[in-house]
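Quick notes on the structure that follows.
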Amino acid sequence: MNPLDISAAHNRWSGHPVVEKVALYGGLLVCAMVLPPRTGAPLVLAAVMVATLALARVRVRLFLLAMLGPALFIALGSLPIAVSLRGGPHLEAGGVAIAVDTSLRAIAASAATIGLAVTTSMADLLDLARRSGVPASLCHVADLTYRLIGILINSARAAREAAGLRLGLQNPRTAIAVIGTQFALIFVRATDRARSMSEAMSLRAEPGMTAVLTESRPARPARLVATAVALGLIAAASVSSWMFWNGG
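Residues in the sequence shown are numbered consecutively from 64, following our numbering.
Structure (structure tokens):
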């Protein structure tokens, strides 16, 4: 099991109905996308951290490490918005403001998504998707893809450790060659494992019929109402702050 799976299975919210967690983090994701970014994103981030770290008791280090990749990707992606190379490197007119707004939205949305990932297992999410009417074939593909990603991560980690034991990462030139070879090896292994997994799953049942065994836990109306109230307060605070900020 990878760290996200372990966290999803052993946090304080692991036994809560999946509908409640999807409603909370999905609502926060919507808030991150539609509310004014400079007033909404900080509130969404604060709500995600309170729910994930304080209430669900997910490890802070795991959450921050999971956020590191998206944060770096967002930072690199925002540079072309703010900086133009036409006529020499310079800040684009209005580009900095757009880059800041885009980055705030993306970071808040990523935090909500990661919050759901570290508190809810994939088995629960797939079961909810099936019960919600998502085509079984799509759930089957999502299940296979998730399993394959886990296998590839373990394969990459094993290849990295093996290269380190052979002293293949001592200097940059050797490291580049070793890493290139590892990528080629993992690509070939991914193709073989994907074929093997597809055949194995087909032997178990028809595609889309490989449902996972999960415990049925109905959502509690009081929790859903509390979630709706919290999301409403976030939206109201964000909009009112934005109007005050702009002199409205």
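Backbone N, C-alpha and C define an ideal beta-carbon position, used for all residues, glycine too.
For residue 219, which residues from the same chain have a beta carbon less than 6 Å from its beta carbon, with the 5 sequence-adjacent residues on both sides left out? Numbered from 1 along the sequence shown, position 156 holds the residue referred to as residue 219. Around residue 219, the same chain offers 249 as residues with beta carbons nearer than 6 Å, after the five sequence neighbours per side are excluded.
Entirely enclosed alpha helix (DSSP H) segments - the stretch 89-134, minimum 4 residues: If only uninterrupted alpha helix (DSSP H) runs of at least 4 residues are considered, those enclosed by the stretch 89-134 are 100-112.
In chain order, which continuous runs of the beta strand (DSSP E) of length 3 or greater are located wholly inside the stretch 188-256? Taking only runs of at least 3 residues, no beta strand (DSSP E) segment lies wholly in the stretch 188-256.
Considering just the uninterrupted stretch of the alpha helix (DSSP H) at residue 73, what are its terminal residues? Sequence index remark: in the sequence shown, residue 73 carries index 10 (1-based). Here the alpha helix (DSSP H) through residue 73 covers 66-73.
Selected residue, minimal CA-CA separation from residue 255, among 214, 67, 124 and 100: Translated into positions along the sequence shown, residue 255 becomes position 192. In terms of CA proximity to residue 255, 214 leads the group 214, 67, 124 and 100.
Which first and last residues belong to the alpha helix (DSSP H) in which residue 174 is found? One-based indexing of the sequence shown puts residue 174 at position 111. Looking at the DSSP string, the run of the alpha helix (DSSP H) that includes residue 174 is 158-182.
Apart from the five residues on each side of it in sequence, which residues of its chain come closer than 6 Å, Cβ to Cβ, to residue 83? As a first step, residue 83 must be located in the sequence shown, where it is residue number 20. The answer, listed in chain order, is 282 and 286.
State the start and end residues of the unbroken alpha helix (DSSP H) segment that holds residue 294. Reading the sequence shown from its first residue, position 231 is the one you call residue 294. Under the DSSP assignment, residue 294 falls in the alpha helix (DSSP H) whose first and last residues are 284-308.
Have a look at residue 119 and residue 71 and give me their C-alpha separation to the nearest angstrom. The residue labelled residue 119 in the question sits at position 56 within the sequence shown. The residue labelled residue 71 in the question sits at position 8 within the sequence shown. Their Cα atoms are separated by approximately 10 Å.
Quick one: any contact between the stretch 124-139 and the stretch 78-93, if contact means 3 or more CB pairs under 8 Å? No, they do not touch.
Residue 146 and residue 155 look like a contact to me (Cβ under 8 Å); what is the Cβ gap, rounded to whole Å? The residue you call residue 146 lines up with position 83 of the sequence shown. The residue you call residue 155 lines up with position 92 of the sequence shown. That belief holds up - the Cβ atoms of residue 146 and residue 155 are roughly 7 Å apart, short of 8 Å.
Name, in chain order, the residues that DSSP records as bridge partners for residue 313. Summary: the structure shown does not reach residue 313, with the chain confined to residues 64 through 311, and so no result is reported for it.
Considering Cα atoms alone, identify which of 114, 245 and 251 is closest to residue 177. In the sequence shown, counting from the first residue as 1, residue 177 sits at position 114. The residue with the shortest Cα to Cα distance from residue 177 is 114.
For residue 183, I'd like the list of residues in its chain whose CB is within less than 7 Å of its CB, leaving aside the five on either flank, ordered along the chain. Numbered from 1 along the sequence shown, position 120 holds the residue referred to as residue 183. Around residue 183: 71, 81 and 84.
Do residue 98 and residue 305 come within 9 Å of each other at the CB atom, strictly closer than that value? As a position in the sequence shown, residue 305 is number 242, starting the count at 1. As a position in the sequence shown, residue 98 is number 35, starting the count at 1. In contact: residue 305 and residue 98 (Cβ atoms closer than 9 Å).
Please classify residue 66: is it buried, with 16 or more other beta-carbons within 10 angstroms of its beta-carbon, or exposed? Within the sequence shown, numbered from 1, the residue matching residue 66 stands at position 3. Exposed, because fewer than 16 other Cβ atoms sit within 10 Å of the Cβ of residue 66.
Please check the pair residue 170 and residue 104, which I expect to be a contact at CB under 8 Å, by giving their CB distance rounded to whole angstroms. Here residue 170 corresponds to residue number 107 of the sequence shown, with the count starting at 1. Here residue 104 corresponds to residue number 41 of the sequence shown, with the count starting at 1. Between residue 104 and residue 170 the Cβ distance is about 7 Å, and since that is below 8 Å, they are a contact.
Cβ shell of residue 102 (< 8 Å), same chain only, five flanking positions each side left out: Within the sequence shown, the letter at position 39 stands for residue 102. Its chain contains 300, 301, 302, 304, 305 and 308 as the residues whose beta carbon lies nearer than 8 Å to that of residue 102, once the 5 sequence neighbours on both sides are disregarded; these appear in chain order.
Taking all protein chains shown into account, decide if residue 110 is buried (16 or more other Cβ within 10 angstroms of its Cβ) or exposed. Along the sequence shown, read from residue 1 onward, the residue named residue 110 stands at position 47. With 16 or more other Cβ atoms inside 10 Å of its own Cβ, residue 110 counts as buried.
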